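Novice:
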Amino acid sequence: MPACRRAHGFTLIELLVVISIIGLLMTGALMTVEGLGRKMRFEGAAKTLRDKIMLTRNVAISQNHKLALRITETKSKHWKLVIIDSNDGILDNGDDKMIGDPWSLPRQVTLEAEQELEFGAEGGITFTTSNPIVLHDDSDKKEPWRMLLTIYTASGMVRLGPIEKITPAGADGTNAPSATAAAAPAATAADAPAPAAAAPAESP
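No gaps in the numbering here: position 73 of the sequence shown is 1112 in this note's numbering, and each next residue is one more.
1) For tryptophan 1118, which residues in the same chain have their Cβ closer than 8 Å to its Cβ, ignoring the five residues on either side in sequence?
2) Can you tell me where the beta strand (DSSP E) holding aspartate 1124 begins and where it ends?
3) Give the straight-line distance between the Cα atoms of threonine 1165 and glutamate 1082, rounded to the nearest whole angstrom.
4) Measuring alpha carbon to alpha carbon, tell me which residue in Ile1129, Lys1180, Glu1157, Ser1178 is nearest asparagine 1170.
5) Am I right that valine 1197 and arginine 1080 are in contact with their C-beta atoms under 8 Å? What's the rounded C-beta distance?
6) In angstroms, rounded to a whole number, what distance separates the CA positions of alanine 1193 and asparagine 1132?
7) By a C-beta neighbour count over all protein chains shown, 10 Å radius and 16 as the cutoff for buried, is serine 1101 buried or exposed?
8) With a CB to CB cut of under 6 Å and the five nearest residues on each side skipped, what residues in its chain are close to leucine 1063?
9) Leucine 1051: beta carbon under 8 Å from a heavy atom of the ligand MN?
10) Which of the three DSSP states is assigned to alanine 1193 in this structure?
11) With H, G and I counted as helix, E and B as strand and the rest as coil, what does DSSP make of isoleucine 1058?
12) Any idea if threonine 1050 is buried or exposed, counting beta-carbon neighbours within 10 angstroms, 16 or more meaning buried?
Okay, here's the thing in structure tokens:
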């Protein structure tokens, strides 16, 4: 009699093992894609903010009078950027106009505080609420990020720092960056980072 041949195929255990491996690979790939997407979004927002600052500076030079970039938080928790043309070198005297359309940062990207930057006709900073400007991405609570934008007084140029990973508060009793920012390029006294200036007091 001819020998009985065993049918070839996979057992249920083998199929479950293969499905588990595929699931693990897909999870790892998804996490990698999400991490890259977050990095691209954060860096893109920082570069756009830098470009808006430089646009404000360049228009101030070309128009030969003061311009301001204002960054405020809306009621919907978005951070909105608006470029204001003083027209006559004096802001908030009734003849200011907005240049272009407002632009908002991605919802996941925030600032530590509202900002105002003013540029004179020479392109230098004449007023800034705070310097450097600190951007945050807290979309991953286990690994918050931040980035510093440093503005130089005389030139009005902007330097983007690296992404810094922040240790979540309470994880080890601190809330300090786990990565040290790259050293800033040497600056002369005339082109040191613009000091933060206190906002003018409003009359009651």
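All C-beta atoms, glycine included, are put in the ideal place defined by N, C-alpha and C.
Treat the numbers as computed from the prediction; the structure is a model and nothing was measured.
Specialist: In brief:
1) Residues of the same chain with a CB within less than 8 Å of the CB of tryptophan 1118, apart from the 5 flanking positions on each side, are Ile1110, Thr1111, Glu1112, Ser1143, Leu1144, Val1148, Thr1149, Leu1150 in chain order.
2) Start and end: 1118–1124.
3) Roughly 27 Å between the two C-alpha positions.
4) It is Glu1157 whose Cα lies nearest to the Cα of asparagine 1170.
5) Incorrect: roughly 19 Å between the Cβ atoms, too far for contact.
6) Distance from the CA of alanine 1193 to the CA of asparagine 1132, rounded to the nearest whole angstrom, comes to 26 Å.
7) Exposed, by the Cβ-count rule.
8) Correct list: empty, nothing qualifies.
9) This structure lacks the ligand MN, and indeed carries no ligand of any kind.
10) Judged by DSSP in its simplified three-state form, alanine 1193 adopts coil rather than helix or strand.
11) Assignment of isoleucine 1058 by DSSP, reduced to helix, strand and coil, places it in the helix class.
12) Burial call: exposed.
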